[in-house]
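Beneath this line is the structure, given in structure tokens, with notes to follow.
Number of protein chains: 2
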Amino acid sequence: MSVTALPTVCCAPLAAATLSAEQAAATAELFRALADPARVRIVNLLATTEGEPVCICNLTEPLGLTQPTVSHHMKKLVDAGLVERQQRGRWAFFTLRAAAVETLASVADLKGACC
Amino acid sequence: MSVTALPTVCCAPLAAATLSAEQAAATAELFRALADPARVRIVNLLATTEGEPVCICNLTEPLGLTQPTVSHHMKKLVDAGLVERQQRGRWAFFTLRAAAVETLASVADLKGACC
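For the record, the sequence lines run as chains A and B.
Numbering follows the numbering used here, in which position 102 of the first sequence is assigned residue number 104; successive positions increment by one, without gaps.
Numbering follows the numbering used here, in which position 20 of the second sequence is assigned residue number 22; successive positions increment by one, without gaps.
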């Protein structure tokens with residue numbers, strides 16, 4: 003099982019009192035991983051399986067994409083630390099990373115910061 | 003005062019039970035608006051003023067960017083519906099949009115969806 007660590011300099015909440023240039027770059031990187039409709043749909047599909055790993059062979063049809071294209075998007079999600087990859091025989095299985103789910107929610111939380 | 007509406011087809015939570023192609027595209031568009039370190043820093047600056055409109059003239063120095071560059075990023079944030087623009091004499095002032103703050107937090111909320 004391969005585990006990908008989140009980048010060393012991680013993102014900071016958008017409403018953080020102070021935000022370094024490195025944190026801003028890491029935060030933008032996290033959003034960039036989701037700035038694509040196919041990757042939004044992949045994360046959505048993984049989010050609706052209640053933590054059950056999903057075989058890439060079961061993603062191509064609902065997404066209407068070829069396996070190389072799904073693999074390309076999966077690599078970006080894994081690199082961003084949002085998704086975890088497990089190899090089982092010939093197939094790769096994917097789950098959302100719990101830590102990334104927490105990170106994304108806290109990064110995007112601007113409530114209390116305005117209005 | 004100019005008010006920009008959110009796109010008609012709006013984004014849906016990443017963990018939504020069903021996600022149409024249009025919603026996935028709108029969600030990706032919202033993330034794309036934040037997929038840039040300068041825009042992350044702008045949103046951060048606006049988030050830390052407690053709803054007080056910020057003059058573009060006060061953003062160039064903390065960002066270390068020229069006014070045309072800040073204006074370019076502001077246009078993208080306004081187009082995405084994240085930021086509101088008010089013209090006061092020769093200067094443009096900006097605030098975070100309350101609705102967008104809510105939307106972003108709910109879109110990025112994957113908690114309960116996994117693990």
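For every residue, glycine included, the Cβ atom is placed at its ideal position computed from N, Cα and C.
Residue j and residue i - do their beta-carbons sit closer together than 8 Å?
| i | j | result |
| --- | --- | --- |
| Ala110/A | Ala110/B | yes |
| Ile44/B | Trp93/B | no |
| Ala49/A | Ala107/B | no |
| Leu84/A | Ala100/A | no |
| Thr2/A | Cys13/A | Since the first residue shown for chain A is 3 and the last is 117, residue 2/A is missing from the structure and cannot be characterised. |
| Ala35/A | Lys78/A | yes |
Closest by CA to residue i, which one among the options?
| i | options | result |
| --- | --- | --- |
| Pro55/B | Gln88/B, Thr68/B, Ala18/B, Ala100/B | Gln88/B |
| Ala28/A | Thr71/A, Ala82/A, Arg90/A | Ala82/A |
| Leu47/A | Thr105/B, Gly91/B, Val103/B, Thr20/B | Thr20/B |
| Ala23/B | Val80/A, His74/A, Phe96/A, Leu67/A | Leu67/A |
| Glu63/B | Ala14/B, Ala40/B, Ala101/B, Glu52/B | Ala40/B |
| Phe96/A | Thr71/A, Leu61/A, Pro70/A, Thr105/A | Leu61/A |
| His74/A | Phe33/A, Pro15/A, Asp38/A | Asp38/A |
| Leu65/B | Val42/B, Glu86/B, Phe33/B, Glu52/B | Val42/B |
| Gly53/A | Gly91/A, Glu86/A, Arg90/A | Glu86/A |
| Leu98/A | Gln69/A, Arg90/A, Val80/A | Val80/A |
Find the residues of chain B that neighbour residue i, judging by a C-beta separation of less than 9 Å, and give them in chain order.
| i | result |
| --- | --- |
| Phe95/A | Ordered by position in chain B, no residue passes the 9 Å Cβ test against Phe95/A, which lies about 14 Å from the chain. |
Mind listing the chain A neighbours of residue i? Cutoff is C-beta to C-beta under 7 Å, in chain order.
| i | result |
| --- | --- |
| Asp111/B | Ala107 |
List the residues of chain B that residue i touches, going by C-beta distances under 7 Å, in chain order.
| i | result |
| --- | --- |
| Arg43/A | Leu21, Ala26 |
So which residues on chain A does residue i lean against when the C-beta distance must stay under 8 Å?
| i | result |
| --- | --- |
| Ala17/B | Asn46, Ala49, Thr50 |
Beta carbons nearer than 7 Å to chain A: which residues of the region 27 to 40 of chain B have them?
Ala27, Thr29, Ala30, Phe33, Arg34, Leu36, Ala37, Asp38, Pro39
Any chance you could list the beta strand (DSSP E) runs of at least 3 consecutive residues sitting entirely within the region 17 to 80 of chain A, in chain order?
none
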